[in-house]
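Report on one structure; see the data block that follows.
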Amino acid sequence: MNAQSQKRLLSIILVIIIALLPSTVFGNGKVEVTPVVQTDVEIVEPVEITFWYAVSGALGDVIQKMVTEFNASQDKITVVPEYVGEYVPALNKLRLAIQSKTTPNIAMTYDAGTRTMVDSNATVSVDALKAKYPSVKIDFSDYIQSAVNYYSFEGEQFALPFCLSSPILYYNKDRFREVGLDPDQPPKTYEEFLAAAEKLTDKSSARVKYGASWAIRSWLVETSVATQNGLFVDQENGRSGRATEVFLTEDPAVKFISMWAEMAKKGYYVSPGRNWADARNNFASGVSAMMLQSTAGLARTLADIGGRFELGTASFPKPAGSEGGVVYGGNGLWVMKGHPAVEEKAALMFIAWLTQPKQQITLSVNTGYYPLTNAAISELTESGYYKENPHFYTALEQALTSKSTPATAGAVIGVHTEVRNIVENGIEEIIATNADVKTVLAKQKAEIDALLAEYNLMFK
Amino acid sequence: MHNSTVNGKMNFTTLYRASGYLFLLPALVLFCIYVIYPAIATLFLSFQIISPFGDRAIFVGLKNFIDLYKSVNYHNSLKITGIFVFWTVLMGLPISLLISLFLNTSLKGISFFRTVFFLPLAISPVMAGVIWVFLLNPNIGLLNYLLRVIGFVGPNWRTDPNWALPTVIMVTIWKQLGFNIIIFLAGLQNVPLDLYEAASIDGANSWKKFIRITIPMISPTILFLTITAIIQSFESFGSIDVLTSGGPANATNVLVYSLYKDAFVNFRTGYASAQAYVIFIILLLITMFQFKFMGKKVHYQ
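Keeping their order, the protein sequence lines are chains A and B.
Counting along the first sequence from 1, when you hit position 406 you're at 406 in the working numbering, and nothing is skipped either side.
Count along the second sequence starting at 1, add 460, and that's the number in the working numbering.
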């Protein structure tokens, strides 16, 4: 071949590749619907199911332990647990698995992924599973209803609420005594919180002691809004329809963020960045005396403090007279579509096992996550566990006294992760530049609303 | 020999030429699958908005690119990346050259130092980030401790928006030292010694020798390292992810990090694909510019 025809051949090859590509890349917008015959099945042969979880450290160990226990308790089902990275990488991996049809049977997804999971159409809801396999004894009537509501839409329960937590106020009782504050009267309102932070700040030496330090996370803003019975997004927090607007410039959010900004401006608060662990380090090492953090970090915090000072815990502060409650964070378990019926039933049976009080208790006492059934809570109360470990009761009390309203149901947004990122950018900007809170929040709101609009385009 | 066939049968020349393509074929196939195809597929993706799990896609033409053009955050990313690349290269290369000059001597034990300075290359960017996270901790980190000893209060290196970018620049320079030093060393050792001897005879001092001999003779190395340093800095991701995660308040949200967040955290595949193309075009322009203008100054032996 001469140079001319060589070039021609190469161009033809390239053109063919390019011409074929569109068919592989453009989605056809259709979702495959597998016809389902709704009959229960009998698990005759031992079946193996895969369980992807997204937590590590002590929490990962607890899950491994629980799975081993489940496998040992019966001989028909073997659950194969796999740690697939933290929440965001895990959701990524799941996304790719859905596209390549290599999903696990059960996947753990964090709270912000809830709407995404529902919209993905790639899961089988818990209610659907219950209907398909009526022989499996599973009952959510004893569950804390708000926990089930978080993972339900339009009356259908989609996932198992698994690790649920809310933020509480951690404080250093010894420091309280040192500055003349009553260690048994932790701050309840924003004013008290600010005043306490001022007293607890000590700049007399190079080793500054700050009143407070907590992670810059939107979840805390969402909680503060809920404690004031405010909605975070419209459409009843995204539950009666897809959210189109974020209420970042309304009173509840503005009040909390303004208090935060003032504490930072006056030097009573030091930012640890967005990392929960860094906030915990500041608190446990004595750099800060108060911290707003998830109850899920309770066991770890106690371990980090190591008895150096006395820990105090209290409800998340809220403005005087607020009538709201807290929202949930954490994760839920979803059963994925596209697996044989015996595997689906096995997954449901594993989930049913997890709802038992004993499992709830194991999870809760080793971490700080809530026990989610009344039976589990009663057992822990009667055994005196909460008397000996009052801190583990703080968040639970908060949750039990929260009324069930759309505000406390928690926001559900398809692009929740990105919304949180934008909120956090805004708070970082406010803290770093002392900019006007309302101006920055309005800017972030505009960005979020545009994002919501783009997401909703997909579903016209 | 110009006819490809003789009497209808292929002759030796054709077979010889064809065998060349055969040898190329495996590499060519892999190149098509892993480079060409993704590049073209990304282009198609950049014209769509795709749902997080990929089950829905709508065609939106140039909307993603227009959104990037209008996005204040993206302008910020462009600015941050420019500053980051500029300082990383402008400070990183001279520092590396200086260290290479030192390592080019034949003092006793020089090979120990060569190993030590080469080490940053041997660890992954993520590892480098993790090590520096510990060193830079404002309360218990080594750096602030040393500063306290000499009477300074070190800032919050990673969480202060004013210090985050300089911090990331420093760590990236440190990380790139190993590679730059090795290449500079090779370049320096290729400079013929008789040039220096001749200059000494003519009465040149060290500085003159450096400017008039060393720099011109290693100018191909300098060009090569400038290009690779620019491209590597543009693609910097691992250390930034560990150190600052693009923050605080987008202070270190370089182009690649913004792309990563949009693709793998926010699941906005279409928007991220558009960003990928912007990066591609920027790098293409930079490389073309460098070869055109700097190529003229380079002295090849």
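In this text, a Cβ means the ideal position worked out from N, Cα and C, and glycines have one as well.
Because the structure is a prediction, the values reported are computed rather than measured.
Cβ-Cβ separation, residue j to residue i (assumed contact under 8 Å), whole Å
| i | j | result |
| --- | --- | --- |
| F309 of chain A | N172 of chain A | 5 Å |
| T541 of chain B | F694 of chain B | 7 Å |
| R115 of chain A | I413 of chain A | 6 Å |
| I106 of chain A | I49 of chain A | 7 Å |
| A588 of chain B | K635 of chain B | 5 Å |
| I690 of chain B | L563 of chain B | No, I690 of chain B and L563 of chain B are not in contact; Cβ-Cβ is about 24 Å, not under 8 Å. |
| L311 of chain A | Y190 of chain A | That belief does not hold up - the Cβ atoms of L311 of chain A and Y190 of chain A are roughly 22 Å apart, past 8 Å. |
| A196 of chain A | L181 of chain A | 6 Å |
| V714 of chain B | S696 of chain B | 6 Å |
| A289 of chain A | R175 of chain A | 4 Å |
| N434 of chain A | K265 of chain A | 6 Å |
| L231 of chain A | A407 of chain A | 6 Å |
First and last residue of the uninterrupted alpha helix (DSSP H) at residue i
| i | result |
| --- | --- |
| I106 of chain A | Run containing I106 of chain A: none in the alpha helix (DSSP H); it sits in the beta strand (DSSP E), 106–110. |
| M748 of chain B | 729–749 |
| P406 of chain A | 406–409 |
| Y143 of chain A | Premise fails: Y143 of chain A is in no alpha helix (DSSP H) and is neither H nor E. |
| S718 of chain B | 715–720 |
| I570 of chain B | 570–582 |
| I476 of chain A | Nothing can be reported for residue 476 of chain A, as the shown portion of chain A is limited to 1 through 460. |
| Y605 of chain B | 602–609 |
| R300 of chain A | 298–305 |
| A346 of chain A | 341–354 |
| V489 of chain B | 472–491 |
| Q259 of chain A | With the sequence shown as reference, residue 259 of chain A is identified as Met, and Gln is not the correct amino acid for it. Unbroken alpha helix (DSSP H) run through M259 of chain A: 251–265. |
| S699 of chain B | 698–703 |
| T632 of chain B | 621–649 |
| G552 of chain B | 532–563 |
| F594 of chain B | 585–595 |
| K669 of chain B | 666–669 |
| I448 of chain A | 437–457 |
| Q398 of chain A | 391–400 |
| E222 of chain A | 218–227 |
One or two residues paired with residue i in a DSSP bridge
| i | result |
| --- | --- |
| C163 of chain A | A:N331 |
| E424 of chain A | None, per the DSSP bridge assignment. |
| S152 of chain A | A:Q157 |
| A517 of chain B | B:I510 |
| G312 of chain A | A:Y171 |
| D202 of chain A | A:K209 |
| M290 of chain A | A:Y171, A:A212 |
| M336 of chain A | A:T123 |
| T78 of chain A | A:E48 |
| T373 of chain A | A:Y143 |
| V246 of chain A | A:V233 |
| Y269 of chain A | A:A212 |
| Y83 of chain A | A:Y53 |
Proximal chain B residues relative to residue i, where beta-carbon distance stays under 8 Å
| i | result |
| --- | --- |
| S258 of chain A | What S258 of chain A touches in chain B: nothing, since even the nearest Cβ is about 18 Å away. |
| P272 of chain A | T619 |
| E154 of chain A | What E154 of chain A touches in chain B: nothing, since even the nearest Cβ is about 20 Å away. |
Extent of the continuous beta strand (DSSP E) to which residue i belongs
| i | result |
| --- | --- |
| Y210 of chain A | 210–212 |
| V47 of chain A | 47–53 |
| V41 of chain A | Here V41 of chain A belongs to no beta strand (DSSP E), and DSSP marks it neither H nor E. |
Chain-ordered neighbours of residue i on chain A, where CB pairs are closer than 9 Å
| i | result |
| --- | --- |
| F513 of chain B | L94, R95, I98, Q99, T116, M117, D119, S120, N121, A122 |
| S705 of chain B | G273, R274, N275 |
| R608 of chain B | A206, R207 |
Cross-chain neighbours of residue i in chain B, by beta carbon under 7 Å
| i | result |
| --- | --- |
| N425 of chain A | A709, N710 |
| M458 of chain A | I509, S511, R516, I518 |
| T417 of chain A | V725, N726 |
| A479 of chain A | Any answer about residue 479 of chain A is impossible in this case: the structure gives chain A only from 1 up to 460. |
| E454 of chain A | I509 |
Within 8 Å, strictly: CB atoms of residue i and residue j
| i | j | result |
| --- | --- | --- |
| Q360 of chain A | T381 of chain A | no |
| F639 of chain B | T681 of chain B | no |
| T548 of chain B | T632 of chain B | yes |
| A395 of chain A | T295 of chain A | yes |
| L354 of chain A | F162 of chain A | yes |
| G332 of chain A | Y151 of chain A | yes |
| M458 of chain A | S511 of chain B | yes |
| G267 of chain A | R618 of chain B | no |
| M473 of chain B | Y737 of chain B | The sequence given here has Thr at residue 473 of chain B, not Met. In this structure, Y737 of chain B does not lie closer than 8 Å to T473 of chain B by Cβ. |
| T401 of chain A | N229 of chain A | no |
Neighbouring residues, chain A, relative to residue i (Cβ below 7 Å)
| i | result |
| --- | --- |
| F795 of chain B | Not covered by the structure: residue 795 of chain B. The range shown for chain B is 461 to 761. |
Beta-carbon neighbours of residue i, restricted to chain B and to distances below 9 Å
| i | result |
| --- | --- |
| E429 of chain A | P621, P708, A709, N710 |
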